[in-house]
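**Student:** I'd like to ask some things about the structure below.
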């Protein structure tokens, strides 16, 4: 697993949402991928990125355990949902 590459995927998606700055990344258990969130930005959420670069946006109101469980079950957020032209940079939803 290339954690740096996966973190860059999340960074690009946060940038699409207009969220820049320092990101914190942590490897997910079992080599599933990484969890990435902006340091010091309340309410920005977390992006989980799998080794295949599939992603799940997890709202800040969702517990990390619940987000990881959803990711393990295969829930993902289409990357198109992060694009500013689609929804004006609004928080993406999962499908």
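In the numbering used here, the protein residues as written are 3 to 97.
Backbone N, C-alpha and C define an ideal beta-carbon position, used for all residues, glycine too.
1. Which of the three DSSP states is assigned to residue 69 in this structure?
2. Hey, quick one: how far does the beta strand (DSSP E) through residue 60 stretch, first residue to last?
3. Helix or strand or just coil, what does DSSP make of residue 48?
4. Kindly indicate which three-state DSSP category residue 91 falls into: helix, strand or coil?
5. On the criterion of 16 or more Cβ atoms from any shown chain inside 10 Å, does residue 32 qualify as buried, or is it exposed?
6. With 16 as the cutoff for other CB atoms within 10 Å, does residue 65 come out buried or exposed?
7. Measuring CA to CA, which of 76, 15, 3, 75 is closest to residue 48?
8. Quick one: using the 10 Å Cβ neighbour count with 16 as the cut-off for buried, is residue 28 buried or exposed?
9. Going by CA-CA distance only, name the one from 20, 36, 68 that's closest to residue 57.
**Tutor:** In terms of the structure at hand:
1. In the chain shown, the residue the question calls residue 69 occupies position 67. Helix, per DSSP.
2. Counted from its first residue, the chain shown places residue 60 at position 58. First-last of the beta strand (DSSP E) with residue 60: 57–60.
3. Here residue 48 is taken as the residue at index 46 of the chain shown, counted from 1. DSSP places residue 48 in strand when its eight states are reduced to three.
4. Counting from one through the chain shown, the residue named residue 91 turns up at place 89. Because the pLDDT of residue 91 is 47, which lies under 50, any placement of that residue in the model is unreliable, and the number read from its coordinates should be weighed accordingly. Residue 91: coil per DSSP, three-state reduction.
5. Within the chain shown, the letter at position 30 stands for residue 32. The residue in question, residue 32, is exposed, as its Cβ has fewer than 16 Cβ neighbours within 10 Å.
6. Looking up residue 65 in the chain shown gives position 63. Residue 65 comes out exposed.
7. For the purposes of this step, residue 48 is taken as residue 46 along the chain shown, with counting starting at 1. When each option's Cα is compared against that of residue 48, the closest is 15.
8. Here the question's residue 28 lines up with position 26 in the chain shown. So residue 28 ends up on the exposed side.
9. As a working mapping, residue 57 is identified with position 55 in the chain shown. If we check each option's Cα against that of residue 57, 36 comes out closest.
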